[in-house]
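Chains as they are written, first to last, in our numbering: chain Y, 122 to 535; chain V, 122 to 535.
In this text, a Cβ means the ideal position worked out from N, Cα and C, and glycines have one as well.
All of these numbers come straight from a predicted model, not from anything done at the bench.
Okay, structure first, notes after.
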C-alpha cells in the first residue's frame, strides 16, 4: 500500500509552524509497513485542496489528511473531500453530544460553528478524538482510502495511535497486525550501535530490527507480525535477549522515555537521591532531571558554578585547587571529583555527578574545545572520574556530556 | 509569483527527520512577497522526483528544491532536472577547485564521486555554497524558474540568505528589493502585542508590520521596498519609533537574538554580573544564560534548590522560613526575595534573580499549578518581587517564568 500525507493549513505555507505532523505520521506508517512516497502541504483553500486530492489519488492508495477539521470557515478538508466524492455531510450524534456536554458543563454559550466538528462524510467511519472535539473520518471510495485527522498534534497523535490505528489495521486487511517495541540506548553513538548489531540486523527478518531516530537519541525498533500481543511479545523478547548480549550495557529502556526519566524511576524505586555540580553544562543536567514531573523526591538540586569563585563559594573547593602555579585547575579530573563529592555531601544525597570542561567556541585553561571531565560520586564507594573528547557545536558538546554522565549514573543505579 | 518548495530525501518520508527546511524557505519567501501554494516532499527516486517536477510546473512559476545535491548515488536532483529539461551537466570550475583544495589541504584522498558536487545544469547560474561543497543552481527554462539548494540546513540557510537571495531578487525583476528588520519582544503575549499595535498594523501599508513566529518567541517583521538600504533604514526607523511609543518596554532587540543573549550583552557592556537561584525552573535559566558563548564573564552561576534542605544548605535560608506552622513556605514572596538576594551575595554579583513556584502536574504547599514568585535583587536597590499565574504544560510554565524574570532583568540593565 502506498500512502501520501496531506497536511492542510496556510500557517505551514507561511512558515509559521513546522510540519511535525508529517514526521509523526510517516514514522507510524513506516512501522505499519506502509510506504510513503509523497508528503504534501496545501493551504486553507478549497480549490487547491481539491487539486491536492486529485494529485494524491493519481499516485497513492491511501491519502492521510491532517488539519482542517475544526469549527471555523477556514476548516475545509471535510467539505472539499465530501464534494469531491459527491457525498453529503451527516451529523455523528455521539460527537455532537460530546460537544454540547462540554459547553453546557462549562456554562459557556456554544457558538453554532462548533457543531461543524461533529460532521462526518456520509458512509465514512467516525474516528474518536480523545483529546478534542473534531471527529476523525475513515473512508473507502473508488478504491482509494482516505483518513482524516485533526491538525493539532495533541489531538492528532492520540487518534493516530488509537481509533485511526484500528481503522488502518482493518484497511491493511487480513494481514496479521504489526507489533513493535522501541528500545532506547545511551552511551553509544548511532553508527557504533549499528556496527555492533549489523550481523543481527542483516541476519534476521522476523522480528525486524530497525534504527529509529527520535529527537537526537539512539533508538531501535523491533517489529513483528503476530495475531496476538502475547505471541508478538514472545518473539520480540527473544530478539531483545540477543540484542542485550551484544549491547546490554547501553539498553536503558524498552519504551519511549528519555534517559533522565529512567534514572529518576530507578532512583525512586531504590529510595535514593542525586545532586549535581555543573560547570560546562551550565544547568542542563538539572534542567533535564527537573523536567520529569515529581522529580523533587529524587533530585535534590545542584549548583551551576561557572566561575572559580562560585566553585569555592558554593562547593568549598579550595582556590589553590583551581588556580595559581601548579594547581590542577577548574578543568581537571581532581576538580571534577571534588565537585561531585561536595554536591553529594551538601545535599546529603546518595549520588553526586559533575561535569567540567570546554564547550567552546575557544579553548580555556589552555585545554581544547570538547575536553570534558565527568565524575560520579556515590555513598560508600570510590568516585569514578573519566575524560571525554567530544565534537560538535557548543550545544551538542553540552548535551553529549550530560547524556554520558547520566548513562554512567544509570549503570550505577540500575 | 507562485512558488512550490520540493524537499528531496527519503529520510523525510520515513519520518527520520522533520522538514524544517520547508519552514525556513517559506518564511523567507513570505518576506519577499512570494506566495507558496504547495510544499512537497519526495524520496530519492528519479521517477518520483520527475513526477514532482511535472506536478510542480503545473501549479507554480518557481520550484525550489532542497536536498539531493550531494556526492552519493542517492543525490539525484540535478540529474533528474537536467534530463527533464533536456540539458547536460557541466563542471563549475571554481566549485571543483574548492573541492580539490579542501581534500588536498586535509591530505585525504578524494573519492571520485565528490566531483559530482561541482556539476551544474547547462545554462544555469551557479550559486555559491559558503558552508559546504555542493554548488547551488538557478535556472529559467520555458517560463519556469528552478532554484536548487542543498539539503543540510547549515548549508541551505546561508545560501538562501546569500547567493540564492540575490538570484531571487533578479528573478523578481526590476521591482525594488525588499528590506526587512525583525523586532523581538519580551514580557508580552502575541495576542496582547497585536492588540496594542493593531491600529498601526492596519493603518499603514509601507513599511508593512507583520507578526512573525520564531520558536515560541514574540516577534514582528517590519518590511519595505527601497532601492538602497539607507532609504529602507530611514523608513523602517520611523516605523520602529511608532512601535516604541506603544510597546517600547517590551522591544528588547532589533535583530534575531534571544532575550538571554541581549541580557548578556548589556551586562557585558556595563561590566556587571548575574547569579541565579532556581526552584521551579530547575536550572533552565542557568542553561539559557550559559548557552550564550563567552557568558562566564557575566553569569557567575547559580543554584538549583529543588528541596527545602538545599535552599538551607546552599543559600543559608533558615528552615523556619521554609516550613513549620506560620512559616511563609518555599513558595512565597519572601522566600523568592531571599533566594535572589542570597545568590547575589554568594556570587558577589550585581544582580540576583530567583524563581519559586508550582510547575505541576499537582499543587504544592496547597498552592495551585502555575503560581510563580519571581524576584530581582540588585546591588544598592530594593529587591523587586512579583507574582505570576501561568497557564500551560509543566515545560511551558517553566519557560514562561524564566523569560518573564529575564524581561525584568533586561528592564533593569538596559
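Asked, Found
"Cβ contact (3+ pairs, closer than 8 Å) linking the region 306-318 of chain V and the region 360-378 of chain V", "yes"
"At least three beta-carbon pairs within less than 8 Å, the region 393-408 of chain Y to the region 320-327 of chain Y", "no"
"For residue 336 of chain Y, three-class secondary structure by DSSP", "Note on residue 336 of chain Y: pLDDT 49, under 50, position unreliable in the model; the coordinate value appears next. In this structure, residue 336 of chain Y counts as coil in the three-state DSSP scheme."
"Inside the region 358-429 of chain Y only - beta strand (DSSP E) runs reaching at least 3 residues", "372-374, 395-399, 420-426"
"DSSP-derived helix/strand/coil call for residue 198 of chain V", "helix"
"Cβ contact (3+ pairs, closer than 8 Å) linking the region 520-528 of chain V and the region 340-355 of chain V", "no"
"Local Cβ density within 10 Å of residue 230 of chain Y, reported as buried at 16 or more and exposed below that", "exposed"
"Within chain V, partners of residue 477 of chain Y - CB distance below 9 Å", "None at all; the shortest Cβ gap to chain V is about 12 Å."
"Interface flag, residue 403 of chain V vs chain Y, CB-CB below 9 Å", "yes"
"Spatially closest choice to residue 376 of chain Y from Y:534, Y:367, Y:303, by CA coordinates", "Y:303"
"Among Y:245, Y:275, Y:249, nearest to residue 265 of chain Y - alpha-carbon criterion", "Y:245"
"Below-9 Å beta-carbon distance, residue 414 of chain V vs any chain Y residue", "yes"
"Chain-order list of residues whose beta-carbon lies under 8 Å from that of residue 439 of chain Y (same chain, five-residue window excluded)", "433"
"Beta carbon proximity, residue 397 of chain Y to chain V, threshold 9 Å", "yes"
"Residue span of the alpha helix (DSSP H) that contains residue 137 of chain Y, given as start and end", "Taken as a continuous stretch (DSSP letters only), residue 137 of chain Y belongs to no alpha helix (DSSP H), as it is neither H nor E."
"Contact check, residue 251 of chain Y vs residue 272 of chain Y, beta carbons under 9 Å", "no"
"Reduced DSSP category for residue 313 of chain Y - H, G, I as helix; E, B as strand; rest coil", "helix"
"Residue(s) in a DSSP beta bridge with residue 346 of chain Y", "Y:299"
"Heavy atom of the ligand COA within 8 Å of residue 280 of chain V beta-carbon", "This structure lacks the ligand COA; in fact it carries no ligand of any kind."
"Beta carbon of residue 365 of chain Y nearer than 9 Å to that of residue 327 of chain Y", "no"
"One or two residues paired with residue 266 of chain Y in a DSSP bridge", "Y:183, Y:261"
"Residues within the region 256-289 of chain V neighbouring chain Y, beta-carbon criterion of under 7 Å", "none"
"Residue burial classification, residue 223 of chain V (beta-carbon count within 10 angstroms, cutoff 16)", "exposed"
"Cut-off 7 Å between Cβ atoms - residues of its own chain near residue 100 of chain Y, not counting five sequence neighbours on either side", "Any question about residue 100 of chain Y goes unanswered here, given that chain Y covers just 122 to 535."
"With 16 other Cβ atoms within 10 Å as the buried cut-off, status of residue 263 of chain Y", "exposed"
"Contact belief for residue 481 of chain Y with residue 515 of chain Y at Cβ below 8 Å, rounded distance in angstroms", "5 Å"
"Residue nearest to residue 501 of chain Y in terms of C-alpha spacing, selected from Y:511, Y:465, Y:517, Y:242", "Y:465"
"Proximity to residue 292 of chain Y [Cα-Cα], best of Y:122, Y:405, Y:520, Y:490", "Y:122"
"Short Cβ contact (9 Å threshold) for residue 463 of chain Y with residue 437 of chain Y", "yes"
"Buried/exposed call for residue 447 of chain V, threshold 16 Cβ in 10 Å", "exposed"
"Nearest residue (CA-CA) to residue 407 of chain Y, options Y:381, Y:387, Y:391", "Y:381"
"Below-9 Å beta-carbon distance, residue 164 of chain Y vs any chain V residue", "yes"
"Chain-ordered neighbours of residue 408 of chain Y on chain V, where CB pairs are closer than 7 Å", "403, 404, 405, 408"
"Residue-level contact to chain V via CB, residue 140 of chain Y, 9 Å cutoff", "yes"
"Neighbour flag for residue 231 of chain Y against chain V, beta carbons, 9 Å", "no"
"Beta-carbon contacts of residue 475 of chain Y that lie in its chain and below 6 Å, excluding the five residues immediately before and after", "398, 457, 460, 461, 496"
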